[in-house]
Each structure stands twice: as structure tokens, then as C-alpha cells.
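First up is the structure itself, then whatever we jot down about it.
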């Protein structure tokens, strides 16, 4: 799978090969690591956009329209949907899925949905690896579409160079609460479905809070869109481009990527150690310690300390 | 902090001491571990209920009413709110916070909000440790209130013996999408705000999907409530009690707790190793490797493999 011909086909955006390569990444075995190592030198050229927000905000429609916009500029687009409510990942109703199929059949667009079933922690690692692969496959733009409420989804959105947080007019009430999470990651806000009631109040609430609490160098812009009618999409794309340019001019693009890379390296270290541990430590020992803990003879902290010592002893060959 | 008098006061539900002890857990230093070790033998008696669902579903009001119900039965209640939109954790508007204050001043109720700011992964560990503490402090019922969308919040909800997923009549559209996440963790569903339009459609959609896709031994019950008017609360409490009894009769209470404990021990092992690594590996080395990776000379996988070797060498005293 890591032979030259396979890599050549990935680089040529051969959809079947790209798709097989991502499946390999999802299975996360040794050959996936080999592949990522071989492709690494080809990465770093794509621009990564994260689109996140609550369920029902219209993230997929927005992704769809934004993709069409980039296609008109002749840019190729790779989409990674890790959103259980996204029609890309098969979560939504049939109607939505059909609506999406036009970009899906475009040879310059690659769509991959990644399941949230199972460990989401692992998923964020794999989603970013899939983006690396699409990057090496020379897609110009990579879009992560995630439901932005949990930490793992935020992790994926944060892996982007520009993160767009999508809200709806009805989000007004929860904007106050949102301060804690979404605000820190948003470079641009979108109020989608802006033909609905409440848009002005939400816009005012959002801009006010942004001006009061913003901790970034630049206050994030707020764009109104009606994605289903293609309204505001160009404005959004222009704002993304403005953000990209400002990152480059301030040298933040590189330093942000550097910081994200450090986090990724440490996370992967963590992952490697976990793999080692599950190879080294017998499940019967874990069971035994858990039993002692349930019986009140050990605390769970002591149980894990015992396992750590076991791991070290094995490493030392004892 | 781990002296006998301190532990005695925790056991006596002295609110100030319990509060200080949780602050200690939040700071997660060595003395917190010491405290948890000393208190461990007193845990396992409280019944743990998780209340989760999307923002705005009325989880806090429901928690509030359920707490009042248990208080009328003379049971003491500890509440851990890890919900940025919860009035308990200060996310919501002032009105809500005042509405909650009556249970807050009850000597038989302990409310603690835990911030989602910072690492949510760490938070789920601390929330469960706080529950252990409240358990040792002899609270009869412990309620976790979390926003159930992200994985980490789900982790907290899963730490409960009975998990209640709260929806609203408007959730109808997203029930299809919900299959992926919330359904697997719910023991009981609540449709709150059931005086609103759409409740029948949502009830039908939910029960249909539950009967089609349920993989548990028993199909979860769906209860309609209007928490703000105290409607349906007793039914919910009865259903929770029924679930508790069925867990005990089928020996699942113990085996579920055992499985959760194993996960916790392994997670903590992970945490201990991370702490060790950050103590052992110089940040300058991480920086150097990240630079080589950005330059395309290493893949991030190779960078983390080099760190793993470094960690092992240090352990071996090289």
C-alpha cells in the first residue's frame, strides 16, 4: 500500500486510491503510519478550514455552497465530515443526501465522512491524518465539518487554519453560554438561515459579546448567510481569504501550525504508549486490580499506579 | 488536608470541608490523590444519576425538581454540574440562578459546578472523582448534569448508574441523527417542556426508533415532563428506581461499575504517564522535533516515536 505507484496515484487525486488510503488510516495499523511517513513531505500546501456549530445550523449546506464557490475559482476541495447530523456522513434525511450529490460527483471534490461511533478521541487523530492525506493529494482547500459542542469536535475544528463557527438566529439565547467554548476557537462567525426571525437580535448580541470578551488580536467578523439560497457565501469566502492573508502577514500561519503540530506529536506519543500498554499488560491483571478496588482494598489511583510500575518493570526487562 | 479531622468532616457532610476537598481535586495534585486514597473505602454507596441532553432542554430545572423530590423522601443529594449552559455552573442568566437558590441553601443538598474551560478530558476525570468524594460524604444520590453532545460530556454521563437523556418536543428532527450517540447511553428518555407543540410527534418518533434500533436488554422508557411546573417528575423518579432495581436483580449494577472502573484505571494510568512524560521530556526537544516535521524532514508519527524512545531511555537510566 505504500509502494510508489500507490503514492503516485494519491498524488494524482485518484479518488479510489485516496479513498483506500483514508480507509487505511481509519484502520490505524502499521501500514497507515508507513503511508503517512511517505506522504509527509508533500503536505503543508492545502489551506484548512474548520466549519463547526450546533446541530441544525446548516453546516453541510454551507460547506456545499462554499465548495461550489471554490470550484468556480478552479480550486480542488477535500471535505472531511465528522458530524453525525451531516448528510455527508449519512446522518440526515435522504433529501439532504441527494441535495449534496452534485458536489460529490465533481472530480475536483473529495468527500469523506468519518464515523463518530467508537472513540472520538481516536477520531480526531484520524480526521487530521485524513486531512494530511488530502493535503498530499494536492487538494487546495480542506474543509472539516464537525458538530461543535464537544471537546473532540472542537479539537478537529482547531486543527484548521481558519475556523468558522456557524450559528442560527435562534442561537441568541445560548450565545451568552457559548462564551466558554466556541468563542475561543472562532476566527469567523456565520449566522446562517438569516432570513429567519431574530437575526438582528442575535447579530447584536454576538457582536456585543465579541467586543466585550474578545481576547484575540482581531475581533472575529460576523457574516450573515442563507446557505440554502447561496446568500452571503462569497462574503464568507472573502472573509476566509482575508483571515488567511492576515495570518501570513503576521507570521501566525506558521506559528499556529507549529503549535498544533506540537500538540499532535504529544497526543500521538500518548497514543503509542497506550498501544504499548495494551500489548504489555494482561487484561486479567486489570480485572484483578479492579476487583480489589471495588472491594475497597485499593483506590483506583493506587490501581493505576500499580499498572504504571508493571509497565516500567516490563520495559526494564524485569 | 488528609488528616483524620478533615476526613471526619467530609464524612459528616460539612459543606465547607466538602467544598474544599473538591477544590483540592480540581487542582489535582498529590494531596488530592492522597485524599481519594483515604476516602476510597467509604465509596460505593451513593446512587449515581446522569442527566444529559442538548442545551436548552431544561436539564437544570429537571435536576432541581428531582432533587426536591428526593429531599421529600429525606435523601441527601449531591449535584455536579459540568454544563456551561447550566445555571448551577453560572452559564445561564441571573433569573435561572435565583430560581435554583432554594435547593442550594438546603443543608441536605450540595451543588458543585465544574468549569469546562481548559481540558475537558481532565474534567471528566475530576467530575467522577468529585462524585467519589460526595459518595464518601454519604450523599445518597449523586446527579451529574452535563450537556450531552460531546464525547467528554458523554463520558461523565456514562459514569452514572442510570443515565437520563433529556430532549424537548422540538428535538423531533434531530432524533434520527441522535441514533449515533445519545441512544447508546440512555437508560431513560425524558421529553421535557411537554406542554409545547410537537410533543406527540417527537414521542412517536423516539419510541419508534427505540424499538427499531435498541440494542439493550430493555427498551428505554420515554417520560414526558414539564419540569418548570413539576409535572412528570415523580414518574421519572419512579422510572429511575425501577431501573436501579432491575440493575441489582440482574447483577448489572456491580458488573457495570466494574467495567467503568477498569476504564477509569486505564485512563488514570494514561494520565500518570502523561505527567511523567511532561516531567521527563524537555520542551526544547519537542520544539526541535516539531520544526523538523514542519520542514518536511520527519513525519509527526516519527517525531512521536523519537519521543517515546527518549522516554524509555530515561526510564532505563540512559
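Protein chains in written order, with full-length UniProt numbering: chain A, 1 to 318; chain B, 1 to 318. Cβ coordinates follow ideal geometry from the N, Cα and C atoms, glycine included.
Its Cα nearest to that of residue 41 (chain A), the residue A:134 stands out among A:190, A:223 and A:134.
Your pair residue 256 (chain B) and residue 247 (chain B) checks out as a contact, with CB atoms roughly 7 Å apart and the cut at 8 Å.
Listed along chain A are 315, each with a C-beta nearer than 8 Å to that of residue 312 (chain B). Taking the Cα positions, residue 80 (chain B) is about 12 Å away from residue 64 (chain B). Chain-ordered, the chain B residues with CB closer than 7 Å to the CB of residue 257 (chain A) read 294.
Contact annotation: the stretch 157 to 172 of chain B touches the stretch 47 to 57 of chain B, with at least three C-beta pairs closer than 8 Å. A direct Cα-Cα distance of roughly 17 Å separates residue 20 (chain A) from residue 123 (chain A).
Proximity to residue 68 (chain A) across A:284, A:131, A:194 and A:143 peaks at A:143, based on C-alpha coordinates. For residue 302 (chain B), the chain A residues whose C-beta falls within less than 7 Å of its own C-beta are 37, listed in chain order.
Residue range 162 to 167 is occupied by the beta strand (DSSP E) that includes residue 165 (chain B), with no alpha helix (DSSP H) assigned at that position. Restricting attention to A:145, A:273 and A:161, the CA atom closest to the CA of residue 251 (chain A) is found in A:161. Excluding residues up to 5 positions away in sequence, 162 and 187 lie with their Cβ nearer than 6 Å to the Cβ of residue 243 (chain B) in the same chain.
Here residue 288 (chain B) carries a helix assignment [DSSP, helix/strand/coil].
Contact between residue 222 (chain B) and residue 206 (chain B) is confirmed by a C-beta separation of about 6 Å, below the 8 Å threshold. Per DSSP, residue 281 (chain A) is not a residue of any alpha helix (DSSP H), being assigned neither H nor E. Residue pairing from DSSP places residue 145 (chain A) in a beta bridge opposite A:51 and A:81.
Exclusion of the five residues before and after residue 300 (chain B) leaves 293 as the residues of its chain whose Cβ lies within less than 6 Å of its Cβ. Residue-level contact check: residue 262 (chain A) touches chain B, since one or more beta carbons of chain B fall below 8 Å from its beta carbon.
Contact annotation for residue 4 (chain A) against chain B: no contact, minimum CB-CB distance about 17 Å [criterion: below 7 Å]. With 16 or more other Cβ atoms from the protein chains shown falling within 10 Å of its own Cβ, residue 155 (chain B) counts as buried.
Counted as a single uninterrupted DSSP element, the beta strand (DSSP E) harbouring residue 189 (chain B) occupies residues 188 to 191. Around the CB of residue 12 (chain A), fewer than 16 other CB atoms lie within 10 Å, so the residue is classed as exposed.
In chain order, 36, 37 and 40 make up the part of chain B whose C-beta sits under 7 Å from the C-beta of residue 299 (chain A). In this structure the stretch 192 to 199 of chain A touches the stretch 54 to 62 of chain A; the number of beta carbon pairs closer than 8 Å is three or more. Straight-line measurement puts the Cα of residue 24 (chain B) at about 52 Å from the Cα of residue 70 (chain A). Cβ atoms of residue 265 (chain A) and residue 290 (chain B) come within 8 Å of each other, at about 6 Å. Nearest neighbour of residue 127 (chain B) by Cα position, chosen from B:113, B:138, B:139 and B:170, turns out to be B:113.
At a cut-off of 8 Å, the C-beta of residue 44 (chain B) has a neighbouring C-beta in chain A. At the C-beta level, residue 274 (chain A) and residue 268 (chain B) stay beyond 8 Å of one another. Between residue 208 (chain B) and residue 169 (chain B), the gap from beta carbon to beta carbon reaches 8 Å or more. The secondary-structure analysis by DSSP pairs residue 224 (chain A) across a beta bridge with A:191. Residue contact with chain B for residue 268 (chain A): present (Cβ-Cβ distance below 8 Å to some residue of chain B). Under a criterion of Cβ atoms nearer than 9 Å, the residues of chain B adjacent to residue 277 (chain A) are, in order, 266, 269, 270 and 273. Secondary-structure assignment with DSSP links residue 112 (chain B) through a beta bridge to B:80. Counted as a single uninterrupted DSSP element, the alpha helix (DSSP H) harbouring residue 309 (chain B) occupies residues 300 to 315.
For residue 139 (chain B), no alpha helix (DSSP H) segment is defined, and its DSSP state is neither H nor E.
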